[in-house]
Every structure is written in C-alpha cells, then in structure tokens.
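What follows is one structure encoded as structure tokens, with my remarks underneath.
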Amino acid sequence: MDSAVSGGIGWVVAVNLIIWTGIFLYLLRLNGRIREMEKKS
Amino acid sequence: MWRDASTWAAEALAVFAKEWRCEFRTRYALNTLALFAFTTLVVVSVSLGPIGVSLSQGTAVLPVLLWVILLFSAAAGLPRAFVQEEETQTAIALRLAATPSALFCGKLLYCLTLTAALELLVTPVYLAMTNLNVKSPGLLVAVLAAGGYGLAAGSTLVAAIIAQARSKGTLFSVLAFPVLLPLILIAVELTRGAVAGDPGGVALPQLLLYDAVVTIAGLMLFPAVWNP
Amino acid sequence: MKRALAWLLWLWMAAVIAGAFLYAPLAKGFIGQSSRILFFHVPMAWVSFVAFIAAGIWSARFLFLGRRPEHDRAAAAAVELGLLFGVLATVTGALWARVMWGAYWNWDPRQTSIVVALLFYGAYLALRSSLEDRDQRARLSAAYAVLGLAVAPFLFFVMPRIMFSLHPQSVINAQGKVEMESRMVQVLLAGSAGATALFFWIHNLQCRLTALSDRKSALEE
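So, in structure tokens, the structure goes:
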C-alpha cells in the first residue's frame, strides 16, 4: 500500500496482473491435464 | 385422515414418554444439565466479585453470560437424545418401530422440556446472584421461551446428524454453534432490551421466524438423516 | 470453445484490476489508497456468499432429487472453495479495518457474519472427515448444508440489521438509492461477476478431479 501512495501505482497494477495471469495459466494447464485423464479412463 | 393424525400424535407422545421414562431411570441428562449450569453460574458470580458490576456494565454484559450458560449447558445435556440410541443400539429398533416425523417431534418435545427446565432453574438463580434488575420481565419471558425453543430445535436436529459419526462430543459443538449463533445473538440483543426496559422487542418476530425455519428444516431433513 | 471463454475471463479480470487502480476514484472518507482493497474484498465476500448458497442448493438436490453423487461432489467442492474465498475476504477485510479504524477486528455485524460462515464451512468439512461410509457421509453432510442454507438469511440479513454497524453502508441502502460513485460501482460489479465466473470454473475443475479419483478408488476396491 505504501508504494501505491508514493505514486508507484503502475507497479501495483503490473504485479497484480502478473499474479493474475500466473493463476490463470495454471488453471488452464490443470484443465488440460484433467481432460487428458478423463480421456484415458 | 384424522385417525392417521391421531396415531401420529400418539406415536410422538409415546416417544416423548419413553424419553422421560428412560431419563428418570438414570437422570443423566438432568444431572449433567444442572451440574454444568450451576458450576458455570457460580464461576460467573464469583468472578464478578462481591462488589458487583455497575448498572451500565451489567446491562451490556450480564445478558450475554446468561445465554452463554444456557447455550453451553444445552450442548452438554441435549445431544444424548440421539447419541444414546446409537450407543445402546436401540436405534435399529426405533427405525423399525416409529415414523420419522413422529420420532422427531417426540425427541423435540423431550429436548424442549429439558431446555425449559434448564431455563426455569438457571434464570431466577442467575438474576438473584447477579442482582440484575429486569425492567421488562414480560419481554424476558418471551425471549427465553422463543430462544429456548430455537435452542432445543436446532440442537435436536444437529444431535441426530452427529449421532452416527465418530467423536460425537466435539462434533456436536462444532456443528451446532454456527447454526445457533444467529439465534443467540438476536436473543442477547432482546434480553438487553428486556433489562433496559425496551417495551417492544422489535426483533422478537425474527426470533420466532428463526424458530419456525429451524422446525421446518428439522421436519424436512430428519427423515433423510435418520433413514439410509 | 471453453478455451475462448477462459481467455475472455482473463481479459475481463485484467480489465477489472486495471479499472480498480486506474479508472475508479478513491472512496470518500477513506485514507489514501486503502479503499482500493475494496475491489478485491467485495468480490471475494460475494463469492463466499454464492458458494454458501450453491452448496446448500446442491445438497438439497442431492437429498431430494435422486441422491446423485455428482451433486454431493459439487456441494463439497463449493464448501471448500467457499472456505478459501471466505478466508481471503476476511483477511482483506481485516487489513482494511486496520487502516480505517485502527483495529483488525471489531466484531461488527458483517465481520461476524463472515466468521460464522467460515465456522459453517469448517463444521461441514469436519463432519465429512468424520464419516467414512460414502453414502452416509454424503447424506448427513448434505442435511447439514441444507440446515445452513435455511439459517443463512438470518446470518446475512437479519443479524446485521439488528446490530449497530461500523461497516460502511452497503451499495443499496434502505431507500434503494446508490450511495457510491458510479465508477466504483461499475468496477465492483464487474469484479464480482468475474470472481463468480472464476469460482464456477475452479469448482468445475474440482468436481471433475474428485469424480476421477472416486472412480479410481471404486475400481481399486
């Protein structure tokens, strides 16, 4: 929160977007793996 | 149809009578309730000290302690209604003999009378020990009745749910408290109002609504809980 | 088709995050940038609420509409996710409370409601873990979830109204007027919608995983 106050709001947005994208890609990969397992069984 | 209704009522009353007959043989639940309630009462009274609390503190804190005593006493004494059946293996016979809804009502009646006895025992002693002056005694009686009903009804259903699980003692508290907390919080607010002399008790309808909801939920869910 | 939806969701949430920091104004009466946490806290609290209701509905479906195992799996997954989002909502709420009112915890009615909801989730999961027989576990935990659903209105609506609140006025107050600036409302609603979609996606993944492992253990028996 301090970095945001001192004017680094761009950094906060960037960090948030990176974390968000990471979570998202992980979920997509999980989706793919589950679909493979479903096809196998 | 009326004959069905009267046999159903007869079944429920039979269950109720059986509960009390068993209870009087051992007096286990009554003893547990009474012992727990009085011990907690003494602890509360002693820790408040001989000087007592000021009027404003009293209005804020003492209603809470009363309901804490009632809640924990109920948790100590009421679950036995179903746990005992499973432990003594009479549950199987009961499943064959009784209609689920009649059984639920019988057990509910039993828990209600236990809770009523608890409240009748605890409240006057509590008021005397804490020197609490209640300005709207009518409202207090109403809150105790409605709140006590909710306590008993919620506890009966949860007791039925946990009776078939392991570690029943702790599991009952864990499951029952979230269900009963809204009831307790509303009841405490109303009790504060009764102590302070609030004439209306504007939240009382909500308490009654809670009672209705829990009763209906119990009637609907009990057959699924009881029979596989 | 599903992949396209997923990327759309990503785009949506990225827009929400950007909007939360760059587009929406700061709320009046809040210190510095702290009101930004609202855009994370509110969607998560909303999702926790959705999870509670969803678990109750799936449990009711299970009990009264055929005892199908996929409904039981769906209810359990909803509770687990509800717990996760609920904890996140509580933590973000506590952080905000610290900044605004100097204390992490005040037991104001909304904080109380979320804690009781967390207790419900914990109790449900404790019940499930104490029952080994699959049918019994599904049946009894479903009954408890429906009981929770029945009591939920008192938890979320009645109690907060009865008790005095430090919590800021909710978006729609008693007269039905919108109190917050429209930009904030837009980002909040968009964030809540995105978070809900995210919840159902993760929930779907969880259900499929559990179905696979159930099938596997059934084969092994």
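Protein chains in written order, with the numbering used here: chain H, 1054 to 1094; chain R, 1115 to 1342; chain S, 11 to 231.
We treat Cβ as the ideally placed atom computed from N, Cα and C, and that holds for glycine.
For Arg193 of chain S, the nearest beta carbon of chain H is not closer than 7 Å to its own beta carbon.
Between Ala30 of chain S and Val197 of chain S a beta carbon distance of about 5 Å is seen, short of the 8 Å cut, so the two are scored as contacting. Contact annotation: Leu98 of chain S and Met54 of chain S have beta-carbon atoms nearer than 7 Å. At the C-beta level, Phe1196 of chain R and Ala1267 of chain R stay beyond 7 Å of one another.
Interface with chain S (7 Å Cβ-Cβ cutoff): Pro1337 of chain R is excluded. Interface flag for Val1068 of chain H against chain S is unset, since no Cβ pair is found closer than 7 Å.
Between Thr220 of chain S and Ala87 of chain S a beta carbon distance of about 7 Å is seen, short of the 8 Å cut, so the two are scored as contacting. Looking at the backbone, the Cα of Tyr1142 of chain R and that of Ser1269 of chain R are separated by about 17 Å.
Exclusion of the five residues before and after Pro1337 of chain R leaves Pro1214 as the residues of its chain whose Cβ lies within less than 6 Å of its Cβ. If you draw a straight line from the Cα of Gln1198 of chain R to the Cα of Gln1278 of chain R, it is about 11 Å long.
The beta carbon of Val1288 of chain R falls within 7 Å of a beta carbon belonging to chain S, placing the residue at that interface. Buried is the label assigned to Asn1069 of chain H, since at least 16 other Cβ atoms lie within 10 Å of its Cβ. Going by C-alpha positions, Trp56 of chain S is about 19 Å away from Trp117 of chain S. For Ala85 of chain S against Ala152 of chain S, the beta-carbon gap comes to about 6 Å, under 8 Å, which counts as contact. For a Cβ distance threshold of 8 Å, residue set Phe1077, Leu1080, Leu1081, Asn1084 of chain H lies close to Ala16 of chain S, ordered along the chain.
The C-beta distance from Leu1321 of chain R to Ala1260 of chain R rounds to 4 Å, short enough to meet the 8 Å contact threshold. For Arg218 of chain S, at least one C-beta of chain H is nearer than 7 Å to its own C-beta.
Considering only beta carbons, the part of the region 1271-1296 of chain R lying closer than 7 Å to chain S consists of Leu1271, Ile1275, Gln1278, Ala1279, Arg1280, Ser1281, Leu1285, Val1288, Leu1289, Phe1291, Pro1292, Val1293, Leu1295, Pro1296, in chain order. The region 1248-1263 of chain R and the region 141-160 of chain S do not touch, with fewer than three beta-carbon pairs separated by less than 8 Å. When the five nearest sequence neighbours on each side are left out, the beta carbons in the same chain lying within less than 6 Å of the beta carbon of Gly103 of chain S are those of His51, in order along the chain. Contacts with chain H (Cβ-Cβ distance below 9 Å) from the region 194-213 of chain S involve Leu208, Trp211, Ile212, listed in chain order. Non-local beta-carbon contacts of Leu1179 of chain R in its own chain, meaning distances under 6 Å to residues more than five positions away in sequence, involve Val1158 in chain order.
At a cut-off of 7 Å between beta carbons, Gln1320 of chain R contacts chain S. At a Cβ-Cβ threshold of 7 Å, Gly42 of chain S and Ala61 of chain S do not count as neighbours. Annotation: Cβ neighbours of Ile1087 of chain H in chain S (cutoff 8 Å, chain order): Leu215, Arg218, Leu219, Leu222. By the rule that beta-carbons nearer than 7 Å mark a contact, Val60 of chain S does not touch chain R. Here Trp1122 of chain R is not near Ala1212 of chain R, since their CB atoms are 7 Å or more apart. At a cut-off of 7 Å between beta carbons, Val1158 of chain R makes no contact with chain S. Counting of Cβ neighbours within 10 angstroms places Thr1329 of chain R among the buried residues, the total reaching 16 or more.
Distances from the alpha-carbon of Thr1204 of chain R to those of R:Ser1161, R:Tyr1263, R:Cys1136, R:Ala1256 put R:Cys1136 closest. By the beta-carbon neighbour count (other beta carbons within 10 angstroms, threshold 16), Glu1091 of chain H is exposed. Here Gln1171 of chain R is exposed: its Cβ has fewer than 16 other Cβ atoms, across all protein chains shown, within 10 Å. DSSP places Tyr1224 of chain R inside the alpha helix (DSSP H), whose first and last residues are 1214-1244. Thr1140 of chain R has its alpha-carbon roughly 19 Å from the corresponding atom of Ala1128 of chain R. Chain R places no beta carbon closer than 7 Å to that of Tyr33 of chain S, leaving this residue out of the contacts.
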